[in-house]
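Remarks on the structure that follows.
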Amino acid sequence: GPRGVYDEAKRFAEALTMAYHREHGLDTRIVRIFNTYGERMRLDDGRAVPNFIGQALRNEPLTVYGDGSQTRSFCYIGDLIEGILRLMDSDLHDPVNLGNPDERTILEIAQKVLTYLKGTASRLEFHPLPVDDPRQRRPDISKAQALLGWQPRVPLEEGLSKTIAWFRAHHAAVT
2 GPRGVYDEAK
12 RFAEALTMAY
22 HREHGLDTRI
32 VRIFNTYGER
42 MRLDDGRAVP
52 NFIGQALRNE
62 PLTVYGDGSQ
72 TRSFCYIGDL
82 IEGILRLMDS
92 DLHDPVNLGN
102 PDERTILEIA
112 QKVLTYLKGT
122 ASRLEFHPLP
132 VDDPRQRRPD
142 ISKAQALLGW
152 QPRVPLEEGL
162 SKTIAWFRAH
172 HAAVT
């Protein structure tokens, strides 16, 4: 399905990058970025956090697929940037996972958006789970911790609160 093509394209890009490093001595870095959120995201990019925020700002139902028990690990953009900068300053050429291993259910994320976005008339609306939707996504960041001294620092609640405040302040400009 479409998910498999996306995953294979990423693997191919990594293989090509490593080949250029090995064959031509190109100084490369490979970062595997997991679910990231934060200020300045596009509300229409198809990811859970901006989708939920956009729907809540428009007082539309928040679309939760399946029963919402599938998990994701959300990394705040500031933490991701710190990890990328550390990777760029290193001599690592192998892939490094950057993300937050703190798993949360999609239902929990939707409920937090409703809680933090005071005044919304939105409610939850459940839809069938897409066939290719992964049950779980959780990065193993042990290499980033050991070799870069990096780990995410911003708790989901703090990052989500900042993200919602930004979207609320810029709502007219982003919808």
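Residue numbers (the working numbering): 2 to 176.
Glycine included, every Cβ here is placed at the ideal spot set by N, Cα and C.
The model shown is predicted, which means the values in this text are computed figures rather than measured ones.
- Nearest C-alpha to R105 among Q137, A10, W151 and I165: Q137.
- Pairing T121 with A57 gives a Cβ-Cβ distance under 7 Å.
- With contacts defined as CB atoms closer than 7 Å, I110 and A166 fail to qualify as a contacting pair.
- Between L125 and V65, the CB-CB gap stays under 7 Å.
- N60 and S123 have their C-alpha atoms some 5 Å from each other.
- If you draw a straight line from the Cα of C76 to the Cα of P51, it comes to about 13 Å.
- Ranked by how close their Cα comes to the Cα of P96, the residues R30, P131 and E24 have R30 in first place.
- For L44, the secondary structure class from DSSP, reduced to helix, strand or coil, is coil.
- With a cut-off of 8 Å on Cβ pairs, the segment 152-170 is not in contact with the segment 85-92, counting fewer than three such pairs.
- Residue range I31 to I34 is occupied by the beta strand (DSSP E) that includes V32.
- Around the Cβ of A145, a 10 Å sphere holds 16 or more other Cβ atoms; the residue is buried.
- In this model, F13 and K119 are separated by some 44 Å (Cα to Cα).
- When beta bridges are read from the DSSP output, E126 appears opposite T64.
- Rounded to whole angstroms, A147 and H128 show a C-alpha spacing of 41 Å.
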